[in-house]
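With the UniProt record's numbering applied, the sequence shown covers 1 to 673.
Comments concern the structure below.
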Amino acid sequence: MISIMQSISLSLSARLDRRCRKSRNMRIGIVGNCQVHGYAQCFEAMSGEVQAFPAQLGLNSLKSIDSCDLILVQTEFFERLISRRDLFFNKLRHKVRQIPTLYFPGFHPDITYAETEGRFIQSPMSDYNSSIILYGWINGFSAKKIEALFNHSVFERLGFYDYYDQSIERLREDSGPCNINLDTLLPAWKKHGIFFHSINHPKIYVLSSIASEILRSNGVRIDCDQPEDFLYDNLAENASWPLYPEIGYRLGVKGSYAYKLPAPSDGIGKVVRFLNLPEFIEASLESYSSLDPAKVDIHRFRHKRENYIGIEDIRPTSDAPANPYLRLPASSFWRKGVERCRYDEVDPVVHPKFSIARQDQIATSGSCFAQHIAKRLVDENYNFLVTETAPITLDRAEANRRHFGLFSARYGNIYTARQLLQLIDRAYGRFKPVDRAWMRRDGRFIDPFRPQIEPDGYLTEDDVAKDRERHLACVRDMFEECDLFVFTLGLTEGWMSSADGSMLPVAPGTIATKANGSGYHFVNFSTDQISTDLHSVVRRLKALNPNIRILFTVSPVPLVATYEDSHVLTSTVYSKSSLRAAANDVCSNYDFVDYFPSYEIITGPHARGTYFEQDLRSVTPEGVAHVMRVFAAHYLGRNASKPLDMVVNESANSAELRQGATILCDEELLDQR
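Dropping the structure here:
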């Protein structure tokens with residue numbers, strides 16, 4: 001009975017698989033080494049539009065890819081294949097793009113290949129051999145003497161600790177022709193610890209993240225952005241080399257000497273087998289016993305033989321380096337990362353979590369400083385998402401006056417996290433504030449939550465309500481369509497309705513003579529409250545839009561006034577510190593949420609106050625240019641077209657980029673004296 005049910009299940013599964021593959025209308029071929037099979041798995045799991053065809057060189061025929069819409073060739077083989085004029089896919093050159101050939105000895109610098117008489121020699125770890133064991137073998141050392149060579153001092157002599165940084169740099173270079181910004185992917189990989197099984201076998205989540213970037217850059221719909229939890233990692237079946245504890249200490253990752261052997265070719269039992277260091281040394285020496293050392297070509301010794309000579313005479317010292325700060329990057333030190341940099345070259349972004357592609361739809365909101373980001377995206381011809389567009393009857397000046405296009409929708413400035421959270425809930429009908437409209441001193445009506453949107457006001461309360469419904473529909477479109485949502489946190493202080501807790505952008509008395517609510521009170525949010533609100537924002541947006549990425553920033557603009565019984569300077573420091581701490585808490589919990597340090601760039605000691613105008617509050621064009629240059633370098637990547645000096649010149653000489661007429665802040669209404 002069980003076998004019958006299994007047969008039925010397999011039959012149904014096969015039919016479903018055939019039906020799904022027939023519905024996939026984009027064919028992607030992947031050409032390269034053993035990594036192509038993992039790439040193919042990821043492409044098909046991520047998008048129902050894709051059918052993938054892996055072509056492993058030396059194993060699969062390239063003819064399987066001739067009908068593909070997109071052909072991805074690993075960088076190491078690209079020039080070699082393209083230069084073969086007789087190769088059939090030279091005719092398909094217009095379809096060919098490059099994909100990284102992932103090679104990373106940083107975790108496993110002891111691995112080397114060795115040959116004898118034109119074939120690779122085999123250790124218990126297949127083609128992978130230990131350079132230290134090979135050195136001991138050709139010199140006739142005993143297993144015990146070879147084991148003693150595995151220590152910190154020998155690793156230091158052999159340069160093992162240098163391989164990690166060199167491997168990272170090689171990955172960067174390899175990713176360049178593929179238009180992939182490696183620095184946006186590395187943080188997620190590092191969270192897993194060791195992200196390679198061996199020098200050329202990346203773990204499946206590494207391939208998945210690159211596959212996601214490739215699909216996104218080619219405009220392919222992504223249904224599941226992180227399928228690696230459900231995918232079979234075929235490269236894990238092969239040998240997995242350990243991260244030696246001494247190297248792991250330097251990298252802040254736990255290491256071991258557990259050598260995971262390749263799975264048996266017949267697959268029987270599927271038992272995962274390990275050898276410890278003494279066992280691996282003994283087994284390696286046994287596998288070399290029939291070989292003539294004089295006829296063995298050890299690849300590592302082609303260039304670094306002299307490094308190994310005499311390592312048996314090195315006196316072992318402590319495995320742990322004396323100073324754990326020694327190998328930290330320049331960005332970790334004040335002198336190198338701030339003091340010795342030109343003030344306009346300080347770059348506090350270290351590991352961005354993602355990059356922005358040309359076709360990504362980017363939405364912005366928050367305080368008035370967020371408008372600078374929107375303007376730069378427009379200048380760079382990125383896809384700035386505007387869902388609430390001006391009527392075609394309005395000219396540009398009138399559209400700007402009525403706040404069309406300043407943000408992605410006409411919600412005006414959103415200063416607090418609670419305002420943003422309530423905007424989401426209002427847009428989806430989960431929260432309906434008591435306040436519907438306020439009357440101005442001139443008898444016209446305004447929207448309490450968007451007081452400056454219509455400079456001439458509304459004729460009736462119903463007009464306010466109707467326009468709000470149109471607006472909230474556009475807000476829903478924005479949240480559901482955007483690929484990246486940028487929110488600039490501005491304030492902790494605000495005014496709240498005593499009736500229902502609704503947050504207002506300004507105090508009612510500054511703009512209205514009559515409000516239909518039942519009283520308002522001042523609030524100053526704590527770090528914990530802000531963090532809780534931001535977590536709720538992230539969860540709501542992810543539920544609405546599974547593919548969304550979120551970028552939080554903190555506005556560097558000081559408070560124009562404080563309602564606390566304290567000096568405006570101390571209130572400003574509290575406000576910005578709380579917002580920054582809350583943003584850090586939230587960003588550290590999600591791989592699709594990042595923080596961009598616009599606040600630090602403008603207010604840091606390196607700037608010496610030069611990024612503020614004479615009022616010590618407004619940000620200068622040069623300050624904005626510095627922020628946007630760093631933003632472009634890390635998030636817009638290779639596509640950022642304007643160098644700093646060009647942006648500064650434009651900012652200094654162009655009235656448009658000075659923002660005088662277009663950067664509008666509701667907060668300014670607090671100080672009308």
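Think of the CB as a built atom: it goes at the ideal place given N, C-alpha and C, for glycine as much as any other residue.
Excluding sequence positions up to five away, which residues of its chain have a Cβ less than 6 Å from the Cβ of Ile65?
Numbered from its first residue, the sequence shown carries residue 65 at position 65. Gly29, Phe53, Ala55, Ile71.
Do Ser123 and Ser332 come within 8 Å of each other at the CB atom, strictly closer than that value?
Stepping through the sequence shown from its first residue, residue 332 is reached at position 332. Stepping through the sequence shown from its first residue, residue 123 is reached at position 123. No, the pair does not count as a contact, with Cβ atoms beyond the cut-off.
Looking at the structure shown, is Asn383 part of a helix, part of a strand, or coil, going by DSSP?
The count along the sequence shown starts at 1 and reaches residue 383 at position 383. Per DSSP, reduced to three states, the secondary structure at Asn383 is strand.
Return the bridge partner residues of Asn524 from the DSSP annotation.
What you label residue 524 is simply residue 524 of the sequence shown in a count that begins at 1. Asn524 pairs with Glu493.
What does a CB cutoff of less than 8 Å around Ala114 pick up in its chain, not counting 5 residues either side in sequence?
Numbered from its first residue, the sequence shown carries residue 114 at position 114. The residues are Phe120, Ile121, Asn129, Leu134, Val296, Asp297, Ile298, His299.
Separation of Cys42 from Ala211, as counted between CA atoms
Counting from 1 along the sequence shown, the entry for residue 211 is found at position 211. Counting from 1 along the sequence shown, the entry for residue 42 is found at position 42. When the Cα atoms are used, Ala211 and Cys42 turn out to be separated by approximately 6 Å.
For Pro278, which of helix, strand or coil comes out of DSSP?
Indexing the sequence shown from 1 puts residue 278 at position 278. Three-state result, Pro278: helix.
Beta carbon of Asn33 nearer than 8 Å to that of Asn200
In the sequence shown, counting from the first residue as 1, residue 33 sits at position 33. In the sequence shown, counting from the first residue as 1, residue 200 sits at position 200. Their beta carbons are under 8 Å apart, which means Asn33 touches Asn200 by this criterion.
Decide if the stretch 587-602 is in contact with the stretch 348-357; the criterion is three or more beta carbon pairs, one per stretch, under 8 Å apart.
As far as the Cβ criterion goes, the stretch 587-602 touches the stretch 348-357, which means the pair count is three or higher.
Can you grab the Cα-Cα spacing for the pair Val537 / Leu421, in whole Å?
Start at 1 with the first residue of the sequence shown, and residue 537 comes out as number 537. Start at 1 with the first residue of the sequence shown, and residue 421 comes out as number 421. Straight-line Cα distance between these residues: approximately 6 Å.
On a CA-only basis, which of His521, Val36, Glu237 is nearest Val272? Give me that one, please.
Looking up residue 272 in the sequence shown gives position 272. Among His521, Val36, Glu237, the Cα nearest to that of Val272 is on Glu237.
Tell me whether Tyr244 is buried or exposed, calling it buried when 16 or more other Cβ atoms sit within 10 Å of its Cβ.
Position 244 of the sequence shown, counting from 1, holds the residue named residue 244. Tyr244 counts as buried, since at least 16 other C-beta atoms from the protein chains shown sit within 10 angstroms of its C-beta.
Is Lys144 buried or exposed, if buried means 16 or more other CB atoms sit within 10 Å of its CB?
On the sequence shown, residue 144 is found 144 positions in, with the first residue counted as 1. When all chains shown are included, Lys144 counts as exposed.
Counting Cβ pairs closer than 8 Å, one from the stretch 414-434 and one from the stretch 387-400, do we hit at least three?
Contact between the stretch 414-434 and the stretch 387-400 is absent, because fewer than three Cβ pairs lie under 8 Å.
Can you tell me whether Leu569 is buried or exposed, with buried defined as 16 or more other CB within 10 angstroms of its CB?
Residue mapping note: residue 569 aligns to position 569 of the sequence shown, counting from 1. Taking all protein chains in view, the Cβ of Leu569 is surrounded by fewer than 16 other Cβ atoms within 10 Å, so the residue is classified as exposed.
I need the straight-line Cα distance from Ser290 to Trp137, nearest angstrom please.
For the purposes of this step, residue 290 is identified with residue 290 of the sequence shown, where counting begins at 1. For the purposes of this step, residue 137 is identified with residue 137 of the sequence shown, where counting begins at 1. Looking at the two C-alpha atoms, the distance is approximately 12 Å.
Taking 7 Å as the limit between beta carbons, can you name the residues of its chain near Arg410, skipping five residues before and five after?
Position 410 of the sequence shown, counted from the first residue, corresponds to residue 410. Only residues of its own chain outside the window of five on either side were considered, and among them Glu388, His403, Phe404, Arg450, Ile453, His471 have a CB closer than 7 Å to the CB of Arg410, listed in chain order.
Using CA coordinates, which residue listed in Phe104, Ala258, Arg302, Ser142 is at the minimum distance from Arg172?
Counted from its first residue, the sequence shown places residue 172 at position 172. Restricting attention to Phe104, Ala258, Arg302, Ser142, the CA atom closest to the CA of Arg172 is found in Phe104.
Sequence ranges, beta strand (DSSP E) only - wholly within the stretch 458-492, length at least 3:
With a minimum length of 3 residues, the continuous beta strand (DSSP E) runs that stay inside the stretch 458-492 are 484-489.
Decide yes or no for the touch test of the stretch 357-373 against the stretch 620-637: beta carbon pairs closer than 8 Å, at least 3 of them.
The stretch 357-373 vs the stretch 620-637: in contact.
Let me know the secondary structure DSSP gives Ile424 once reduced to three states.
The residue labelled residue 424 in the question sits at position 424 within the sequence shown. In the structure shown, Ile424 sits in a helix (DSSP, three-state: H, G or I).
List the DSSP bridge partners of Ala594.
As a working note, residue 594 is residue 594 in the sequence shown. The question names Ala, but residue 594 in the sequence shown is Asp. Note: Asp594 sits in a beta bridge opposite Leu551.
Could you pull out every residue in the same chain whose Cβ sits closer than 7 Å to the Cβ of Val475, ignoring the five residues on either side in sequence?
Counting from 1 along the sequence shown, the entry for residue 475 is found at position 475. Closer than 7 Å at Cβ, skipping near neighbours: Ala409, Tyr411, Leu423, Ala427.
For Ile311 versus Val557, is the C-beta distance shorter than 8 Å?
Here residue 311 is taken as the residue at index 311 of the sequence shown, counted from 1. Here residue 557 is taken as the residue at index 557 of the sequence shown, counted from 1. In this structure, the beta-carbon distance from Ile311 to Val557 does not fall below 8 Å.
To which residues does DSSP link His201 through a beta bridge?
Within the sequence shown, the letter at position 201 stands for residue 201. Paired residues: Ser198.
CA-CA distance, Glu380 and Asp467?
Mapped onto the sequence shown, residue 380 falls at position 380. Mapped onto the sequence shown, residue 467 falls at position 467. Each residue's alpha carbon lies about 32 Å from the other.
Assuming Leu534 and Val586 are in contact, meaning their beta carbons sit under 8 Å apart, how far apart are those beta carbons, in whole angstroms?
For the purposes of this step, residue 534 is identified with residue 534 of the sequence shown, where counting begins at 1. For the purposes of this step, residue 586 is identified with residue 586 of the sequence shown, where counting begins at 1. Leu534 to Val586, Cβ: 4 Å. Contact.
Would Val486 pass as a contact of Ile362 if the rule is Cβ separation under 8 Å?
For the purposes of this step, residue 486 is taken as residue 486 along the sequence shown, with counting starting at 1. For the purposes of this step, residue 362 is taken as residue 362 along the sequence shown, with counting starting at 1. Yes, they are a contact pair.
Can you tell me the Cβ-Cβ gap for Asn276 and Ala258, rounded? I've got them flagged as a contact below 8 Å.
As a position in the sequence shown, residue 276 is number 276, starting the count at 1. As a position in the sequence shown, residue 258 is number 258, starting the count at 1. Going by Cβ atoms, the distance from Asn276 to Ala258 rounds to 7 Å, so yes, they are a contact pair.
Would Pro621 be called buried (16 or more neighbouring beta carbons within 10 Å of its own) or exposed?
Sequence index remark: in the sequence shown, residue 621 carries index 621 (1-based). So Pro621 counts as buried.
Start-to-end residues for the beta strand (DSSP E) that takes in Met125:
Looking up residue 125 in the sequence shown gives position 125. Unbroken run through Met125: none, as it is neither H nor E.
Local Cβ density within 10 Å of Ile132, reported as buried at 16 or more and exposed below that
Here residue 132 is taken as the residue at index 132 of the sequence shown, counted from 1. The residue in question, Ile132, is buried, as its Cβ has 16 or more Cβ neighbours within 10 Å.
Is the separation between the beta-carbon of Tyr161 and that of Ile247 shorter than 8 Å?
Residue numbering aside, residue 161 sits at position 161 when the sequence shown is read from its first letter. Residue numbering aside, residue 247 sits at position 247 when the sequence shown is read from its first letter. Cβ atoms of Tyr161 and Ile247: closer than 8 Å.
DSSP three-state label for Ser240, please.
To locate residue 240, count along the sequence shown from 1; it is residue 240. The answer is strand: DSSP assigns Ser240 an E or B state.
Specify, as a first and last residue, the run of the alpha helix (DSSP H) that residue 702 falls within.
Outside the shown range of the chain, which is 1 to 673, sits residue 702, and nothing can be said about it.
Looking at Ser240: is its Cβ nearer than 8 Å to the Cβ of Ser287?
Taking the first residue of the sequence shown as position 1, residue 240 is located at position 240. Taking the first residue of the sequence shown as position 1, residue 287 is located at position 287. No Cβ-Cβ contact shorter than 8 Å links Ser240 with Ser287.
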